[in-house]
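**Q** Below you'll find the structure I mean.
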Amino acid sequence: MSAEQATRSGESGRQGIGGWLLVLVAYLLLFEPLRAVPVLMALSLGQGSAAVQNVLMVGAVVQTGIALFSLYAGIGLMRLRPGAASIGKIFFIVMLTLGVLELGMVVLGAVVSVSDPAIASMVRGPATFQAITQILISGAWLVYLEQSRRVRATFAG
108 MSAEQATRSG
118 ESGRQGIGGW
128 LLVLVAYLLL
138 FEPLRAVPVL
148 MALSLGQGSA
158 AVQNVLMVGA
168 VVQTGIALFS
178 LYAGIGLMRL
188 RPGAASIGKI
198 FFIVMLTLGV
208 LELGMVVLGA
218 VVSVSDPAIA
228 SMVRGPATFQ
238 AITQILISGA
248 WLVYLEQSRR
258 VRATFAG
């Protein structure tokens, strides 16, 4: 048995949706789409100034787009579609980029004074944590999709 055959037989046990790939699919199908709910609920309550409502509207549109893209990537991975791993990588590259942009907005918001205190408190507190968390999660899933033997065995070809 050659080394290549041994590698293939070792990877065949790691083929299909299981392990961390199952966690990734659950993350894409459940967690990311559910992140849109609080933004949509806050927008539907209609409280706050016009500036806060505008920020929430933009957030709702972006978060809904992210939720749809996440569902698309998760369903592709779950159905073992060719190219689904690449779509997953693209999703996390987009999320990593959005995290970096969000962190930049937090820094900019800390430097520039904001006339509406409600927006200032939104930008400084939870947004910093969310941006850093998004960068770390997206980076970790990108490394997983690139390095995983299960992903290579399942989506090879």
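Residues are numbered in this note's numbering as their position in the sequence shown, beginning at 1, plus a constant of 107.
Using N, Cα and C, we set each Cβ at its ideal position, and we do this for glycine too.
Please classify R257: is it buried, with 16 or more other beta-carbons within 10 angstroms of its beta-carbon, or exposed?
**A** It counts as buried.
**Q** From L150 to L141, what distance separates their C-alpha atoms?
**A** C-alpha separation (whole angstroms): 15 Å.
**Q** Looking only at C-alpha atoms, which of V159, L147 and R186 sits nearest to Q170?
**A** For Q170, the nearest C-alpha among the options comes from L147.
**Q** So what does DSSP say about G267, is it helix, strand or coil?
**A** Outside the displayed span of the chain (108 to 264) sits residue 267, for which this structure offers no information.
**Q** How would you call F199, buried or exposed, if buried means at least 16 neighbouring beta carbons within 10 angstroms?
**A** By the 10 Å Cβ count, F199 comes out buried.
**Q** Counting pairs of Cβ atoms below 8 Å between the stretch 125 to 136 and the stretch 180 to 200, do you hit three or more?
**A** Yes: the two stretches touch, three or more of their Cβ pairs being nearer than 8 Å.
**Q** Should F51 go down as buried or exposed, given a rule of 16 or more other Cβ atoms within 10 Å for buried?
**A** A question about residue 51 goes unanswered here, because the residues of the chain that appear run from 108 up to 264.
**Q** Is the Cβ-Cβ distance between G126 and T261 less than 8 Å?
**A** Going by C-beta atoms, G126 is not nearer than 8 Å to T261.
**Q** According to DSSP, is L187 helix, strand or coil?
**A** Residue state, collapsed to three classes: coil.
**Q** Answer with buried or exposed for Q241, where buried requires no fewer than 16 other C-beta atoms within 10 angstroms of its C-beta.
**A** Per the 10 Å Cβ criterion, buried.
**Q** May I have the straight-line CA-CA distance separating W248 from L131, to the nearest angstrom?
**A** Each residue's Cα considered, the two are about 8 Å apart.
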